[in-house]
RNA sequence: GGAGAGGUGGCAGAGUGGUCUAUUGCGGCAGUCUUGAAAACUGUUGAAGGUUACACUUCCGGGGGUUCGAAUCCCUCCCUCUCCGCCA
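Numbering (the numbering used here), first residue to last: -19 to 402.
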C-alpha cells in the first residue's frame, strides 16, 4: 500500500500516475487526505485528553499514598468526567482510521514514469527480442501431443488422481522437471542469490503481507481446518521472511531464490489457453526476490531482467521482453517486464516470467525497513521475478526443439538431465 | 490427539496494581586508550503517531473487560515450547 505521508505531499502527482493505469476512482486520493486530516485532529484531541487523565491518575496515586482520601476522590470524579468525554472521540478516531485504511488499501501502486499508458496487452511495449526460431520439421506437434508421444506427461491420469490442471510427469518428463529446477537454482545461486526452501503453506499474516489477501482470496487454495493457504508463488513465503524486520543498511541488498510448487485455483478462467501445460492449478517455479535500497531499485530491476534474459538465452528459446502498460500491470507493481517465449507449434507467445519492482508498496504493508545513515528507518524496495516458471518452458522446449524422432535439449541441461535429448 | 509450561524492546531475561517515562546483561553505535586491533572503561541505543524542534500519546502475542490507574487482575482467541501418543 502507498504511504499516506507521500500521498499528502504529492496529491496531483499521485492522481496523474494512477491515471496511467486508468484507475477510475481518483477521488479516493482526496478522500484519503480528508480522512487523514480528520484523523490528525481526533488524534490530537484524544492524546490531549488522555494526557490529562494520566496526570490526574498519577496525582491520585500520590494523594492515596499520603492518605488524603477526600482530594483523591475529587480527582477521581474529574477523571470519570474526562473519560466520559473521551469515549465518543476515541470512537470517532477508530472509525476514521478504519475508513482511512479501507480507502488506502484500494489504491494500486503508482506506475513508474517509464510505464507506457494503455489499457490492454496490445498496449504493452516490446523492449527487445532474442533467441532463434528454429525451423520445425514437417508434421510438428504441439506439446500435449509430444508429451503423449514420448510418454512424458499424463494429463488424464492427473484428472483421475486430483482433477484437471494437475498433470502427472512420468519417466523422462519427471526427470526433465528435476533437471530444470536444479539448473535454474544453480544459475540463480551462481549469480549471488541465496537459496531458500520455504514452507508452501502460509498463514493469513503472510498472505496479507504480499497482498494476496484480501484482494485475491479466491485465487488461493485454503486449508480451512488449519487456516492456512497454499502458496500461489514462492514470492509469498520468501518475501515474508523479512516481514516486520528492520535491516541494517549494510545487509542490503538481500537476494533470495527458491523453488516451490505453486498452487492457483484460476477461478474464472475456463476454456481459453488452458490446454496442456498452458495453465495449471499446480506447477513448479523457481523465483528470485530482492530487497534493496530505494535509490537502487530500478538498477536492480534491469539487472534482474538481464539475469532472466541470460537464462532464457541459455535455453535457446525465442523470446521477447515486454514492458507492461499501466492497464496490464498488477495491482502492486510499479513497473513490470514480462518475458514471453514463442511456442512454435501453437504459434503464440507464452508468458514464462514476470519481473517487477514493487518499490515500497509491499514493504509498507509488511513493514520491511532499514536504518539509513542518519538512523531513521525507511522502507526498502522489493522486487521479484520468475527464474523461471516450468510448464510453459517445458512446452516451448518440446515444441521448438522437436526433431525427427527425438527432442533436442539445450546444452546446459545435458549434465542435469543425463542426456542431450529425449 | 493427551498433559504441562510460556509469549516483555535485535537477543537473553527481571518485573504480579501507582516515579515502569520497563531493571539488568549481551549485541549494536560513538568515544577514551592503542601504531592498529582486541580487552578494559565511558556514553549511547526499541517502534509508531505527533511537532520546525520539544511536549504529548500509543505499543509488554491479538481482542475485550475490571480500575482513578494494568506488562501486572479477569474473560477470550492466537501462537510457541516440553513430555507422552501416533508417524515420514
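Note that beta-carbon positions come from the ideal geometry of N, C-alpha and C, so glycine has one too.
For residue 280 and residue 400, the rounded distance between their alpha carbons: Locating residue 400 in the first chain gives position 420, counting from the first residue. Locating residue 280 in the first chain gives position 300, counting from the first residue. Distance between the alpha carbons of residue 400 and residue 280 is about 34 Å.
Determine the DSSP secondary structure at residue 274, reduced to helix, strand or coil. Here residue 274 refers to the residue found at position 294 of the first chain. DSSP places residue 274 in helix when its eight states are reduced to three.
Pick from 183, 123, 282: whose alpha carbon is nearest that of residue 258? Within the first chain, the letter at position 278 stands for residue 258. Minimum Cα distance to residue 258 is reached at 123.
If I follow the unbroken alpha helix (DSSP H) through residue 394, where does it start and stop? Start at 1 with the first residue of the first chain, and residue 394 comes out as number 414. It spans 394 to 397 - the alpha helix (DSSP H) in which residue 394 sits, taken as one unbroken run.
With contact counted as at least three CB pairs below 8 Å, one residue from each stretch, are the segment 177 to 187 and the segment 204 to 212 in contact? yes
Alpha carbon to alpha carbon, how far is residue 57 from residue 220? Give it in angstroms, no decimals. Sequence index remark: in the first chain, residue 220 carries index 240 (1-based). Sequence index remark: in the first chain, residue 57 carries index 77 (1-based). If you take the alpha carbons of residue 220 and residue 57, they lie about 49 Å apart.
Could you compute how far the alpha carbon of residue 29 sits from the alpha carbon of residue 355? For this step, residue 29 is matched to residue 49 along the first chain. For this step, residue 355 is matched to residue 375 along the first chain. Spanning the two alpha carbons is a distance of roughly 32 Å.
Can you name the start and end residues of the alpha helix (DSSP H) that residue 31 belongs to? The count along the first chain starts at 1 and reaches residue 31 at position 51. Residues 7 to 46.
Just to confirm the assignment, what range does the beta strand (DSSP E) spanning residue 315 have? Stepping through the first chain from its first residue, residue 315 is reached at position 335. Unbroken beta strand (DSSP E) run through residue 315: 315 to 323.
Cβ-Cβ separation, residue 23 to residue 73 (assumed contact under 8 Å), whole Å: Taking the first chain and counting its residues from 1, one reaches residue 73 at position 93. Taking the first chain and counting its residues from 1, one reaches residue 23 at position 43. Yes, residue 73 and residue 23 are in contact; Cβ-Cβ is about 6 Å, under 8 Å.
Between the Cα of residue 271 and the Cα atoms of 199, 341, 308, which residue gives the shortest distance? In the first chain, the residue the question calls residue 271 occupies position 291. Ranking 199, 341, 308 by Cα distance to residue 271 puts 341 first.
Where residue 331 and residue 349 are concerned, what is the direct C-alpha to C-alpha distance, given to the nearest angstrom? In the first chain, residue 331 corresponds to position 351, counting from 1. In the first chain, residue 349 corresponds to position 369, counting from 1. Distance between the alpha carbons of residue 331 and residue 349 is about 32 Å.
What three-state label does DSSP hand residue 400 in the structure shown? Reading the first chain from its first residue, position 420 is the one you call residue 400. Residue 400: coil per DSSP, three-state reduction.
Give the secondary structure of residue 215 by DSSP, where H, G and I count as helix, E and B as strand, and everything else as coil. Start at 1 with the first residue of the first chain, and residue 215 comes out as number 235. Helix, per DSSP.
Strictly by DSSP, which residues pair up with residue 174? Working through the first chain from its first residue, we reach residue 174 at position 194. 236.
Could you tell me whether the segment 314 to 328 touches the segment 225 to 235, using the rule of 3 or more Cβ pairs below 8 Å? no
Give the straight-line distance between the Cα atoms of residue 339 and residue 38, rounded to the nearest whole angstrom. Against the first chain, residue 339 aligns to sequence position 359. Against the first chain, residue 38 aligns to sequence position 58. Roughly 46 Å between the two C-alpha positions.
Sort out for me which residues DSSP pairs residue 113 with in a bridge. As a working mapping, residue 113 is identified with position 133 in the first chain. For residue 113, which the question treats as bridged, DSSP gives no partner whatsoever.
Based on Cα-Cα distance, which residue from 46, 96, 313 lies nearest to residue 305? One-based indexing of the first chain puts residue 305 at position 325. Closest by alpha carbon: 96.
Touch test, the segment 355 to 364 against the segment 377 to 391, Cβ-Cβ under 8 Å, three pairs minimum: no
Quick check: the Cα distance between residue 148 and residue 256, rounded to an integer number of angstroms? If you number the first chain from 1, residue 148 lands on position 168. If you number the first chain from 1, residue 256 lands on position 276. Rounded to whole angstroms, residue 148 to residue 256 spans 12 Å at the Cα level.
Candidates 151, 171, 234, 343: closest to residue 398 by CA position: As a position in the first chain, residue 398 is number 418, starting the count at 1. Comparing Cα-Cα distances from residue 398 to each of 151, 171, 234, 343, the minimum goes to 151.
Pick from -16, 32, 85, 378 that is closest to residue 14, judged by C-alpha positions: Locating residue 14 in the first chain gives position 34, counting from the first residue. Of -16, 32, 85, 378, the residue nearest in Cα terms is -16.
Option nearest residue 42 by Cα separation, candidates 55, 264, 380: Within the first chain, residue 42 is the residue found at index 62, counting from 1. Out of 55, 264, 380, 55 has the C-alpha closest to the C-alpha of residue 42.
By alpha-carbon positions, which one of 62, 101, 20 ends up nearest to residue 310? Position 330 of the first chain, counted from the start, is the residue given in the question as residue 310. Of the candidates 62, 101, 20, the one whose C-alpha sits nearest the C-alpha of residue 310 is 101.
Would you call residue 27 buried or exposed, if buried means 16 or more other Cβ atoms sit within 10 Å of its Cβ? For the purposes of this step, residue 27 is identified with residue 47 of the first chain, where counting begins at 1. When all chains shown are included, residue 27 counts as exposed.
Within the same chain, show all residues whose beta-carbon is closer than 7 Å to that of residue 171, passing over the 5 residues directly before and after it, in chain order. By 1-based counting over the first chain, the position of residue 171 is 191. Excluding residues within five positions, the ones whose Cβ falls inside 7 Å are 287.
Per the DSSP calculation, residue 166 is bridged to which residue(s)? Sequence index remark: in the first chain, residue 166 carries index 186 (1-based). BP columns for residue 166 are empty, so no partner.
Per DSSP, residue 334 is paired with what? To locate residue 334, count along the first chain from 1; it is residue 354. Paired residues: 318.
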